[in-house]
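Each residue of the sequence shown is one higher than the one before, counting from 128 in the numbering used here. Even glycine gets a Cβ: it sits at the ideal position worked out from N, Cα and C. Here the structure is a predicted model, which is why all the values come from computation and not from measurement. Since the structure comes first, as structure tokens, the remarks are kept for the end.
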Amino acid sequence: MHILIRLDLNVSIDNGVVKDNSRILACKQTIDHYKKQAKLCILSHLGRPDGITEQLSLKNLIPELEKAWDCQVVFSDNYDSDSIRSKLQGLQANQILLLENTRFYDWEKSCNQTVAAQIASSFDRFVFDAFACSHRKHLSTYALANHLPSQLGPLTKKEILNLQLSLAYPNPVLVMGGAKAKTKIKLIQHFIDQASQILLGGVMANTFLKAKGIAIGSSVCDDDLIPACQELLNKAADKIVLPSDFCCANSLTDQQTHNTAQVLDNQTIGDIGSQTIKNYTEILANSQAIIFNGPMGYTDNPNFCAGSESILKAIAKSPKATLGGGDTIKLLNQFEIDPNSFSFVSTGGGAMLEFLAKDGRLEVLDFVQR
């Protein structure tokens, strides 16, 4: 039997060196489960390449994959069905086939059914186990399931189970930060009645502050969302908690920062301020359930990490807490916080947000397990 598995190997990589291998380690469970049954072929994307980009080739991950999965990886950048069949037939015991970064090719995002049928012709089954990509209707996440018997893998099933439990949290506190506001606003709209309070940081906070007429200097915000923010403030201003002070600098890469309650025109907000940290941690200490997605500040600069570190350490003490966001595991490692301190840490950022905002219904997941 030949099984095609879509994994999420979208790891942080710098000059060919994997900076965070947590997603690779997590996938070992899937590899071990299916390699007893069949010869395996792995699909994944890496980064956001514009065409073929050597630095984002999956072959750069091979040493890390072989170490983590305790197997030999055979690599191919040829998606021709005859080539795939030949590679599969040549696999020896404890070998798996890895195909090139799916996002190198136009057919991936266009969800090309003809190419999907060609790739699928070499396999007996398709397994989707890349929850973090389940909000992307691409060839490797969606179209392949149209041409093969398909199922969800163990990691994705675990994500669904735990996020369904999170949907049932009674009156949770939402903590929303990060660089992307559009993905957060839908979750805030969905939980505005259910949540007890919504604590904001990052670009989402900047956008709400601007919607209230509060100066944010040269800080990043999403002007398109200001009407939606104003509508939410009109509906539930008492639930939406915004920073009262900020850690600012002349730029996000600046090493000189200062705490202020008023942001000047030439200043950029890099993190929540000390009084806001105190306020937020007090709220979290009295909460029974928390949903977190996205850091409070620009954590690539060590000077803007205090808010995220303090908030995550406070959340770790909560009886029920679900975390998500692309950089969450990296932050936990950076701040030396045990992931097991939380009820669940999702591998999904945007996928987690959409899953919760849509009451657990994502088209990719529904289609694969139809």
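The beta strand (DSSP E) enclosing residue i, as first and last residue numbers
| i | result |
| --- | --- |
| M303 | V300 to M303 |
| I130 | H129 to L134 |
CB contact below 8 Å: residue i versus chain B
| i | result |
| --- | --- |
| V201 | As a matter of chain content, chain B is missing from the structure shown, which is built from one protein chain. |
Close-in-space but distant-in-sequence residues of the same chain around residue i (CB under 7 Å, 5 per side omitted)
| i | result |
| --- | --- |
| A306 | G329 and V330 |
| Q324 | V300, K366, V368 and I410 |
| F231 | P176, G178 and I179 |
| K339 | L360 |
| L458 | P422, T426, S435 and L439 |
| L183 | L173, G174, P176 and N228 |
| N428 | L379, T380 and G397 |
| C238 | K264, H265, L266, Y269 and A270 |
| L215 | H129, K166, C168, L224 and S249 |
| Q415 | P446 and K447 |
Identity of the residues DSSP links to residue i by a beta bridge
| i | result |
| --- | --- |
| H385 | C375 |
| G451 | N420 |
| I353 | According to DSSP, which records beta bridges pairwise, I353 is partnered with nothing at all. |
| F471 | T449 |
| D233 | DSSP output for D233 lists no bridge partner at all. |
| T395 | A376 |
| G439 | Note on identity: in this sequence residue 439 is Leu, with Gly being the wrong assignment. DSSP lists no partner for L439. |
| V368 | L326 |
Burial state of residue i (16 or more Cβ within 10 Å)
| i | result |
| --- | --- |
| G217 | exposed |
| D398 | buried |
| A295 | exposed |
| N298 | exposed |
| V144 | exposed |
| N142 | exposed |
| S378 | exposed |
| R488 | exposed |
| S267 | buried |
| H385 | exposed |
| M128 | exposed |
| N205 | exposed |
| Q394 | buried |
| S213 | exposed |
| L292 | exposed |
| E358 | exposed |
| K146 | exposed |
| A332 | buried |
| A355 | buried |
| Q405 | Note that residue 405 corresponds to Lys in the displayed sequence, not to Gln. Per the 10 Å Cβ criterion, exposed. |
| K337 | buried |
Contacting residues, own chain, Cβ-Cβ under 6 Å from residue i (five flanking each side not counted)
| i | result |
| --- | --- |
| G280 | T157, V254 and D256 |
| S468 | A443 |
| Q240 | A270 |
| L492 | S261 |
| S371 | Q402 and T403 |
| C154 | L134 |
| K313 | A484 |
| S208 | Q245, S248 and S249 |
| R150 | D135 and V138 |
| A363 | I319 |
| T310 | G477 and L480 |
| Q496 | L279 |
| A243 | L266, A270, L271 and H274 |
Segment limits, alpha helix (DSSP H) that includes residue i
| i | result |
| --- | --- |
| D493 | E490 to V495 |
| Q240 | Q240 to A247 |
| L411 | S401 to A412 |
| L480 | G477 to A484 |
| L336 | G329 to A338 |
Close beta carbons around residue i, own chain, < 8 Å, minus the five adjacent residues each side
| i | result |
| --- | --- |
| K194 | none |
| A441 | Y407, T408, L411 and A412 |
Contact test: residue i Cβ vs the ligand ADP heavy atom, cutoff 7 Å
| i | result |
| --- | --- |
| Q240 | Annotation note on the ligand ADP: not contained in the displayed structure, which lists no ligands. |
Enumerate, from N- to C-terminal direction, the unbroken alpha helix (DSSP H) stretches of 4 or more residues contained entirely within the region 254 to 312.
281 to 294
Residue ranges of each beta strand (DSSP E) run of no fewer than 3 residues wholly in the region 139 to 226, ordered along the chain?
166 to 170, 199 to 203 and 222 to 226
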